[in-house]
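In what follows, a single structure is set out as structure tokens and then discussed.
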Amino acid sequence: MTTFTPTTSEEVLSSVAWAVAEEAPLEILGHGSKRGIGRPLQTEHTLDLSKLSGVTLYEPAELVLSAKAGTGLAEIEQLLAQNGQQLAFEPMDYGPLLGGEPGKGTIGGVLGANLSGPRRLKAGAARDHILGINVVSGRGEAFKSGGRVVKNVTGYDLSKLMANSWGTLAVFTDVTFKVLPTAETEVTLAVRGLLDDAAAGAMALALGSSAEVSSAAHLPERIAARVAGGSLGSDAATVLRVEGFGPSVAYRIAALKTLLGKAGPLEEIAGEASKAIWRDVRDIRPFVDGSEKPVWRVSMTPAQGHQMVLTLRMQAGVSAFYDWQGGLVWLRMEEGDPEAALLRGLLRKHGGGHATLVRAAPAHRAALPVFEPQAPALAALSQRLKQEFDPKNILNPGRMA
Amino acid sequence: MSGLAMPKPDAGTLRRRSEIVADMRIIVPGEGVVDAANEMRAFESDGLTAYRQVPLVVVLPETVAQVSRVLKYCSDRNIRVVPRGSGTSLSGGALPLEDAVLLVMSRFNRILAIDFPNRIVVAQPGVTNLGITTAVEQEGFYYAPDPSSQIACSIGGNVAENSGGVHCLKYGLTANNVLGIEMVLMNGEVVRLGGSHLDAEGYDLLGVMTGSEGLLGVVTEVTVRILKKPETARALLIGFPTSEQGGQCVADIIGAGIIPGGMEMMDRPAIHAAEDFVHAGYPLDVEALLIVELDGPGVEVDHLITAVEAIAIANGSTTCRISQSEQERLSFWAGRKAAFPAVGRISPDYYCMDGTIPRKELPRVLAGMRELSEKYGLGVANVFHAGDGNLHPLILYDANIPGELDKAESFGADILRLCVKVGGVLTGEHGVGVEKRDLMPEMFSQIDLDQQMRVKCAFDPGHLLNPGKVFPQLRRCAELGRMHVHRGQVAFPDIPRF
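These protein sequence lines are chains A and B, in that order.
Our numbering puts the first residue of the first sequence at 820, with every later residue one more than the last.
Our numbering puts the first residue of the second sequence at 173, with every later residue one more than the last.
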């Protein structure tokens, strides 16, 4: 039982080289905030990147930031905030949902899990903001891809390949992200009391307008009470976020009010209260309950989300809320059974997508495919890539199985 | 061809040409196979016209099943395949090979689905970039990435090249606007990546495919995100006595939290060429001309115009015009959009480069370019996407003067080396293709390049799809796959515990 805690990329390289030579699998760890996601690992050795830390380059005028992979997300976000900037993809914090503390997580983990939050709808995910990486592959080879500039089509985009690879292809040592200015003003418009299907219609209308809605979520009755310290009350809330310069936000909110005036009662929520709603939607706060009840993250065609949930309810006890205009469905299985086959079958009938079991007891995670199973040709292709980059299966073996 | 080594044609394939043509006619009946030399001439080059090669045979499939059968047939017989969309690549990505089937996707030209509630369009790869916007604009929507060849270039080609355009500073590149693709691997297998939902499951192969220059698979369907058109757009036309001031203005605009819809800069030679050509009313006494376009609701645009104007004045602008009408906004753009043909009027030939640099390095790179221009005795005009540091130097030369093309290419290579040296990259949006292939080692070590080739090996282990592009040298996948580390050979008597 060895834990490597490298502080330099050279030390990461020699740790992995040792593991390759010994054919000794490694668990790749940052802060461990997402350790509960994926098939449980049974590796003897751990590569702990939390000491490989520090921002190595930050040029606000160039909109670029580089950091060692184990740098805390909180540290980076604080630095950016001091300069009026942010990671526009709004990476979420899985910690509390999975029973851990809030505010943990590393920048390497953000890319490895391709995290994003409610602003994903307009701004993209981590994979859309990564500019370059330095990594060590499962062959024990250190290499780089990309660079520090936004526009770059020089060679294959291996940075994206590594996004959402959950540490199974290579170990990040350095990452470079595009950063963006934080909006001067944010206002949320809430339409109250809508049922799921009416909410889907309202969100489609808002997103199809020129109001540049940056986030759209629907919190059904009772779920709404579990965000922002209960400030919304328990009536269903369909929330639309508008961000930008003051005069523009005021104009666009007014346009949305006209557009949705007949949909239901409207409320305008500004400033910190608005931020609190989106932080809690981002971090799945309604399902932070200290339990191990299974929680699914389903990415699917926006207009189909609520229809799938309606059908699912006929066969299982579920709580649900919606982000990304309805295209990101968070489900908590109230009876304790993940119902993986049922859910994935319904997903296929509703336009396809992918369902990830983000919270479940280890026994369920060991027995079920946590990540969406792939069609045979795609699964074979993914396996060939794994073979190319980690032929001895030493990096997080089996985690994505 | 000026000294560009392409893979040696396979004598066996060339010998079997008539048999291959006959088999292709069975797979793609009707008009879909072109083998007459004079008819194949139309396909002998793409937008990088300095390089030409008549292919083995041109095949224009109409169905996914045909694409799959063509690729499987070729895979089974070790026949090379070069995919082609509209042939507008500026880097030779669709340059044919003498012994390769040229697989032309232009008959895949239908829009398959338009879904306004989910804001997506599903298109076949041969649909033009502008064709997508045309299909949805009656409802006020558009497809954001707008490469300057958008009238002609295909969406499948956009995926292959990860195309950009003047609006990608605010709205992203192709990679940020594509939700899903269907593609056929070299072995004939059909694979779907993503769809009408966000983010693909598993490894981000959609991200890898986008910008893979036709070396990994043939795209047969594309799902893109469409956006509602901004309510208004207005532009500022700002002139500066020095490029440093123009560059600082760009940095200050971004520093103020403003991300314009488009932000373009031109240097003196480009300004003069454009003004002589289209009479856009550009000032001729400035060293740098900046076009800043702001889009969105009217109140937002008015607010930001005022802010940008103040930043321009603070940076010593000598002229600053603000468009008062749609017609005037378009006139600001007219010169920029005509910059390439305008330069074509002042020089018999020009060679368009495409490096990206960190914005702050602009003055240093422009100074370096002036020195190189003197060294090579060739003029250079610059237009660039200032917001994201993407340069398009146009090197002026005359192909009829012996040796000038070589000189222009050497000049271009030196410019790209300079871009890499200051922290930039070889290509921002045009792709590596054959053009920048041999410069890849300037940016990547052999180990870096090996990893890219490993991706290639997972998709196309026989190197049959578009060989000779992107990689300066091909290494056999079996050789790359070998592990050079074996148990016991690397001595770690004491396990390092840091």
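Even glycine gets a Cβ: it sits at the ideal position worked out from N, Cα and C.
So what does DSSP say about residue i, is it helix, strand or coil?
i, result
"P665(B)", "Any reading at P665(B) is ruled out, since the residue's pLDDT is 42, under 50, leaving its predicted position unreliable."
"H1125(A)", "helix"
"P1000(A)", "strand"
"I856(A)", "coil"
"G931(A)", "helix"
"N562(B)", "strand"
"Y877(A)", "strand"
"G765(A)", "With chain A covering 820 to 1220 only, the question about residue 765(A) has no answer from this structure."
"G660(B)", "Confidence in G660(B) is poor, its pLDDT being 44 and thus under 50, which makes the residue's placement too unreliable to answer from."
"P1066(A)", "helix"
"A446(B)", "helix"
"K1211(A)", "coil"
"Q1202(A)", "helix"
"G951(A)", "strand"
"S497(B)", "coil"
"A237(B)", "helix"
Go ahead and label residue i buried or exposed: buried means 16 or more other beta carbons lie within 10 angstroms of its beta carbon, across all protein chains shown.
i, result
"M655(B)", "exposed"
"N250(B)", "exposed"
"K923(A)", "buried"
"W837(A)", "buried"
"A944(A)", "buried"
"P668(B)", "Annotation note: pLDDT 47 at P668(B) (below 50); position unreliable, coordinate value reported separately. Flag for P668(B) reads exposed."
"S1034(A)", "buried"
"E601(B)", "buried"
"G202(B)", "exposed"
"K547(B)", "exposed"
"K180(B)", "exposed"
"E830(A)", "buried"
"F664(B)", "Residue confidence for F664(B) is low, a pLDDT of 45 falling below 50, so the modelled location carries little weight; the figure read from the coordinates is stated next. With fewer than 16 Cβ atoms within 10 Å of its Cβ, F664(B) is classed as exposed."
"H123(B)", "No information on residue 123(B) is available, as it lies outside the stretch 173 to 670 that chain B covers here."
"I323(B)", "exposed"
"L228(B)", "buried"
Starting from residue i, find everything on chain B with Cβ-Cβ shorter than 8 Å and list it in chain order.
i, result
"L980(A)", "Y375, D376, L377, G379, V380, V627"
Could you list which residues in chain A have their beta carbon closer than 9 Å to that of residue i, in chain order?
i, result
"R596(B)", "Looking at the sequence shown, residue 596(B) is not Arg but Gly. Chain A residues near G596(B): G966, R967, V968, N971."
"P402(B)", "S1029, E1031"
"G600(B)", "V968, V969, K970, N971, V972, T973"
"R291(B)", "A1023, L1026, G1027, P1121, Q1144"
Give the residues of chain B in contact with residue i, contact being defined as C-beta atoms less than 7 Å apart.
i, result
"F1208(A)", "R626"
"R946(A)", "D376, G379"
"G903(A)", "G429"
"E1003(A)", "G429"
"S852(A)", "The contacting residues do not exist; S852(A) stays about 20 Å from chain B at best."
Residue i touches chain B at which residues, Cβ-Cβ below 9 Å?
i, result
"R1203(A)", "C629, A630, F631, P633"
"P1000(A)", "I426, G427, A428, G429, I430, I431"
"N763(A)", "The structure shown does not extend to residue 763(A), since chain A spans only 820 to 1220, so no value can be given for it."
"E1191(A)", "E373, G374"
Could you list which residues in chain A have their beta carbon closer than 7 Å to that of residue i, in chain order?
i, result
"N250(B)", "Simply none; closest approach about 19 Å."
"S384(B)", "Y975"
"S368(B)", "T1120, G1170"
Can you pull the chain A neighbours of residue i, defined as C-beta to C-beta under 8 Å?
i, result
"M655(B)", "V839, R958, P1210, K1211"
Notebook entry, point to check: Taking contact to mean at least 3 C-beta pairs separated by less than 8 Å, is the region 1015-1031 of chain A in contact with the region 410-428 of chain B?
Noted result: Not touching, per the Cβ criterion.
Next item on the list: Closer than 9 Å, Cβ to Cβ, to anything on chain B: give me those residues from the region 958-979 of chain A, in chain order.
Entry: Of all residues in the region 958-979 of chain A, R958, G959, E960, A961, F962, K963, S964, G965, G966, R967, V968, V969, K970, N971, V972, T973, G974, Y975, D976, L977, S978, K979 have a Cβ within less than 9 Å of some Cβ in chain B.
Notebook entry, point to check: Between the region 884-898 of chain A and the region 206-218 of chain B, do at least 3 Cβ pairs fall closer than 8 Å?
Noted result: No, the region 884-898 of chain A does not touch the region 206-218 of chain B.
Item checked: Residues within the region 432-459 of chain B neighbouring chain A, beta-carbon criterion of under 9 Å -> Of all residues in the region 432-459 of chain B, none has a Cβ within less than 9 Å of some Cβ in chain A.
Check: Using Cβ-Cβ distances below 9 Å, what residues of the region 554-570 of chain B are close to chain A?
Finding: Listed by position, the residues of the region 554-570 of chain B near chain A (Cβ gap below 9 Å) are H557, G559, D560, G561, N562.
Note to self: With a threshold of 8 Å, are at least 3 pairs of Cβ atoms found where one atom belongs to the region 392-400 of chain B and the other to the region 1169-1183 of chain A?
What the structure shows: Because the criterion of three Cβ pairs below 8 Å is not met, the region 392-400 of chain B and the region 1169-1183 of chain A do not touch.
Check: Mind listing which residues of the region 865-880 of chain A have their C-beta closer than 8 Å to chain B's C-betas, in chain order?
Finding: Of all residues in the region 865-880 of chain A, the ones placed with a Cβ closer than 8 Å to any Cβ belonging to chain B are K870, E878, P879, A880, in chain order.
Notebook entry, point to check: Three or more beta-carbon pairs under 8 Å between the region 975-994 of chain A and the region 950-959 of chain A, yes or no?
Noted result: Touching, per the Cβ criterion.
Item checked: Residues of the region 409-428 of chain B whose Cβ lies closer than 7 Å to any Cβ of chain A, in chain order -> For the region 409-428 of chain B, the set of positions with a beta-carbon nearer than 7 Å to some beta-carbon of chain A reads A423, I426, G427 in chain order.
Next item on the list: Using a Cβ-Cβ cut-off of less than 8 Å, list which residues of the region 604-618 of chain B approach chain A; keep chain order.
Entry: Taken in chain order, the members of the region 604-618 of chain B whose beta-carbon sits within less than 8 Å of a beta-carbon on chain A are V604, K608, M612, M615, F616, S617.
Notebook entry, point to check: Between the region 330-343 of chain B and chain A, which residues of the former have CB atoms less than 9 Å from a CB of the latter, in chain order?
Noted result: Within the region 330-343 of chain B, the qualifying residues are E333, N334, S335, G336, C340, L341.
Note to self: Taking beta-carbon pairs under 8 Å, can you tell me which members of the region 518-541 of chain B lie near chain A?
What the structure shows: When C-beta distances to chain A are compared with 8 Å, the residues of the region 518-541 of chain B below that value are T528, I529, P530, R531, K532, in chain order.
Checklist line | Cβ contact check for the region 337-347 of chain B and the region 355-375 of chain B: 3 or more pairs under 8 Å | finding: With the cut-off at 8 Å, the region 337-347 of chain B and the region 355-375 of chain B do not touch.
Checklist line | Cβ contact check for the region 506-515 of chain B and the region 439-455 of chain B: 3 or more pairs under 8 Å | finding: Between the region 506-515 of chain B and the region 439-455 of chain B, the count of C-beta pairs closer than 8 Å reaches three or more; the two stretches touch.
Next item on the list: Indicate whether the contact test is met: 3 or more Cβ pairs, each with one atom in the region 630-641 of chain B and one in the region 541-558 of chain B, closer than 8 Å.
Entry: As far as the Cβ criterion goes, the region 630-641 of chain B does not touch the region 541-558 of chain B, which means the pair count is below three.
Next item on the list: Report the residues of the region 1031-1064 of chain A with a CB closer than 9 Å to any CB of chain B, ordered along the chain.
Entry: So the close ones are E1031, G1063, F1064.
Check: Does the region 567-582 of chain B come close enough to the region 927-938 of chain A that 3 or more CB-CB pairs lie under 8 Å?
Finding: Contact fails: fewer than three Cβ-Cβ distances are below 8 Å.
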